[in-house]
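Enquirer:
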Amino acid sequence: MSLRLALRRARHLSTAAAEAETTAAKIVNISGAKKRLRKVYDPDEALKVYSSFSTADDASAPPASARHIQELAVRRLAKSRRFSDIEAFLESNKSKPQITEEPFVSSLIKSYGVAGMIDNALATYNQMADFGTPRSTLSFNALLLACINSKAYDRVPIFFNAFSEKFGLVPDKFSYGMLIKAHCEMESPEKAKETLSEMEKKGVEVGAVSFSTVLHALYKIGRVDEAEAFWNEMVKEKGIKLDAGSYNVRLSHIRDNPESLKALIEEMQNEGINPDPISYNYLITSYCVNGMMNEAEKVYADLLQAKGVRPNAATYRTMVFHSCKEGRYVKAYRIFKLSVKVGKIPDFNTLKYLVKGLTEKRRMVEAKAMVRTMNKKFPPDLLKAWEKLADELGLTRDGTEEAGASKVEKAEVDASKVEKVGADSGVESEKAST
DNA sequence: CGAATTTATG
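Numbering (the working numbering), first residue to last: 371 to 804.
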């Protein structure tokens with residue numbers, strides 16, 4: 371008997387070891403690396419995943435995916451403010467043979483942008499002559515994007531003019547799109563509008579994105595009348611092709627009136643444009659803050675049934691928060707469970723609100739289940755605060771591992787029930803017992 | 001698979 375057990379255990383251990391070895395040392399497969407990076411929050415681990423992957427295949431893999439993984443790793447490092455590591459890592463790529471390929475250099479430039487290191491991005495762009503890398507709008511746009519990601523908006527028009535002239539590059543709709551974004555961020559919609567006219571003059575297509583960027587900027591600085599006139603001008607006179615994003619900009623500025631929101635969503639459907647999750651989130655939020663929880667729930671329920679649209683993480687967060695606010699904690703808990711199932715879990719503060727509410731309502735089973743679930747799901751930086759919260763609420767015992775402890779706790783709960791028949795505040799006795 | 005846009009922080 372014990373031999374069989376031992377054998378089984380040995381086999382189990384060896385598979386586990388083999389698995390650990392494959393994940394740590396070699397990830398040949400790209401989607402595997404991506405999956406793993408999404409879960410790995412330690413920047414060193416992220417770097418290891420990236421380098422094991424990038425050394426594993428030099429030329430064979432689709433380079434676009436590899437570059438995406440590089441940006442993910444840089445993002446993780448930047449979050450921990452490990453800028454010298456980022457520099458060392460990205461600079462080391464400059465000795466690789468692919469440095470003569472423009473997409474490869476562009477990826478380095480964009481990665482520096484993601485890290486907020488705009489001077490390194492610019493230096494890399496200037497080095498391209500030394501590398502012998504050809505220039506096109508690809509690297510030009512990468513540099514502009516790096517400025518935007520670094521929030522160095524004032525540099526965008528400077529680089530835009532200087533480098534397009536110096537290297538004889540013809541800006542495309544993406545270049546112009548980023549120039550427009552920069553002007554909008556610097557609160558000068560006039561210049562953004564001028565850029566739009568320049569695009570028309572040069573025969574570059576003005577699409578929904580560029581248009582929506584300017585529209586949003588106008589609303590944001592409170593020029594509502596001008597925004598509406600701009601919509602009429604561009605849509606009715608110039609026949610711009612709209613998308614859900616354009617309508618979402620308008621929806622975002624109808625806050626207090628759920629009926630108007632609903633009407634505008636119907637209008638977009640009549641125009642043949644499908645509302646996206648963001649559109650529905652505006653409607654749901656508006657119902658919630660105007661005390662129309664049942665209507666909000668109906669939109670949410672329809673969204674779960676609908677084909678082609680899914681609730682996103684913000685949908686679950688809004689529904690959980692406002693259900694809690696209305697005291698509907700069990701309903702909120704059900705929504706939370708679904709969000710876990712689909713991997714779109716609300717943020718820490720929302721879940722804090724929920725677990726506190728469940729505890730106050732004496733829904734201990736649900737509260738403890740929640741603590742256990744999130745112990746597995748939260749990244750390390752949030753896990754500490756979560757464990758502290760669970761401790762304060764007296765939820766650290768999960769009631770299954772230690773039978774004795776859970777019995778004692780159960781007895782205490784029952785006692786408090788008997789003590790205060792009809793009273794609904796069990797919070798104090800809970801605090802006292804911990 | 002991807003270049004530029006748009007939510008809510010209660």
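Cβ atoms here follow ideal geometry from the backbone N, Cα and C, with glycine treated the same way.
Please read all numbers here as calculations on a predicted model, not as lab measurements.
If you reduce the DSSP assignment to three classes, tell me which class Ala633 lands in.
Expert: Residue mapping note: residue 633 aligns to position 263 of the first sequence, counting from 1. Ala633: helix per DSSP, three-state reduction.
Enquirer: Give me the Cβ distance between Val475 and Val444, rounded to the nearest whole Å; I'm assuming they're in contact under 8 Å.
Expert: Counted from its first residue, the first sequence places residue 475 at position 105. Counted from its first residue, the first sequence places residue 444 at position 74. Not confirmed; about 15 Å, so no contact.
Enquirer: Which of the three DSSP states, helix, strand or coil, is assigned to Met556?
Expert: Sequence index remark: in the first sequence, residue 556 carries index 186 (1-based). Correct three-state label for Met556: coil.
Enquirer: Give the secondary structure of Val778 by DSSP, where H, G and I count as helix, E and B as strand, and everything else as coil.
Expert: Counting from one through the first sequence, the residue named residue 778 turns up at place 408. At Val778 the pLDDT is 38, less than 50, meaning the model places this residue with poor confidence and gives no usable figure here.
Enquirer: Can you grab the Cα-Cα spacing for the pair Thr583 / Ile635, in whole Å?
Expert: Position 213 of the first sequence, counting from 1, holds the residue named residue 583. Position 265 of the first sequence, counting from 1, holds the residue named residue 635. Cα to Cα, Thr583 sits roughly 20 Å from Ile635.
Enquirer: On the three-state DSSP scale, how would you describe Leu653?
Expert: On the first sequence, residue 653 is found 283 positions in, with the first residue counted as 1. Leu653: helix per DSSP, three-state reduction.
Enquirer: May I have the straight-line CA-CA distance separating Ala532 from Ser656, to the nearest angstrom?
Expert: In the first sequence, the residue the question calls residue 532 occupies position 162. In the first sequence, the residue the question calls residue 656 occupies position 286. When rounded, the distance between both Cα atoms is 46 Å.
Enquirer: Does the distance from the CB of Asn719 to the CB of Thr685 come in under 8 Å?
Expert: Within the first sequence, numbered from 1, the residue matching residue 719 stands at position 349. Within the first sequence, numbered from 1, the residue matching residue 685 stands at position 315. Cβ atoms of Asn719 and Thr685: not closer than 8 Å.
Enquirer: Is Leu724 closer than 8 Å to Phe748 when the C-beta atoms are compared?
Expert: Along the first sequence, one-based indexing puts residue 748 at 378. Along the first sequence, one-based indexing puts residue 724 at 354. No; because the gap between Cβ atoms is not below 8 Å, this pair is not in contact.
Enquirer: So Val579 packs on Gly547, CB below 8 Å; how close in whole Å?
Expert: Locating residue 579 in the first sequence gives position 209, where the first residue counts as 1. Locating residue 547 in the first sequence gives position 177, where the first residue counts as 1. Right, their Cβ atoms sit about 6 Å apart.
Enquirer: Would you call Leu763 buried or exposed, if buried means 16 or more other Cβ atoms sit within 10 Å of its Cβ?
Expert: Translated into the one-based positions of the first sequence, residue 763 becomes position 393. Looking at its Cβ environment, which holds 16 or more other Cβ atoms inside 10 Å, Leu763 is buried.
Enquirer: Quick one: Cα of Ile643 to Cα of Phe530, how far?
Expert: If you number the first sequence from 1, residue 643 lands on position 273. If you number the first sequence from 1, residue 530 lands on position 160. Between Ile643 and Phe530, the C-alpha separation is close to 34 Å.
Enquirer: In chain order, what are the residue ranges of uninterrupted alpha helix (DSSP H) at least 4 long that sit wholly in the segment 595 to 626?
Expert: Segments of the alpha helix (DSSP H) lying fully in the segment 595 to 626: 614 to 621.
Enquirer: For a minimum of 4 consecutive residues, which ranges assigned as the alpha helix (DSSP H) are wholly contained in the segment 471 to 506?
Expert: Runs found: 472 to 484 and 488 to 501.
Enquirer: Kindly indicate the opening and closing residues of the alpha helix (DSSP H) around Leu752.
Expert: To locate residue 752, count along the first sequence from 1; it is residue 382. Counting along the chain, the alpha helix (DSSP H) containing Leu752 begins and ends at Pro750 to Glu762.
Enquirer: In whole angstroms, give me the CA-to-CA distance for Phe544 and Phe581.
Expert: Looking up residue 544 in the first sequence gives position 174. Looking up residue 581 in the first sequence gives position 211. Approximately 13 Å between the Cα atoms of the pair.
Enquirer: Give me, in chain order, the residues of the same chain whose beta-carbon lies closer than 7 Å to that of Asp613; leave out the 5 immediate sequence neighbours on both sides.
Expert: Here the question's residue 613 lines up with position 243 in the first sequence. Closer than 7 Å at the Cβ level, and outside the excluded window around Asp613, lie Ala578 and Ile643.
Enquirer: Using the Cβ count rule (16 or more neighbours within 10 Å means buried), how would you classify Asn511?
Expert: Your numbering for residue 511 matches position 141 in the first sequence. So Asn511 ends up on the buried side.
Enquirer: Please report the straight-line C-alpha distance between Ser558 and Gly592, rounded to a whole angstrom.
Expert: On the first sequence, position 188 is the one that residue 558 refers to. On the first sequence, position 222 is the one that residue 592 refers to. Going from the Cα of Ser558 to the Cα of Gly592 covers about 13 Å.
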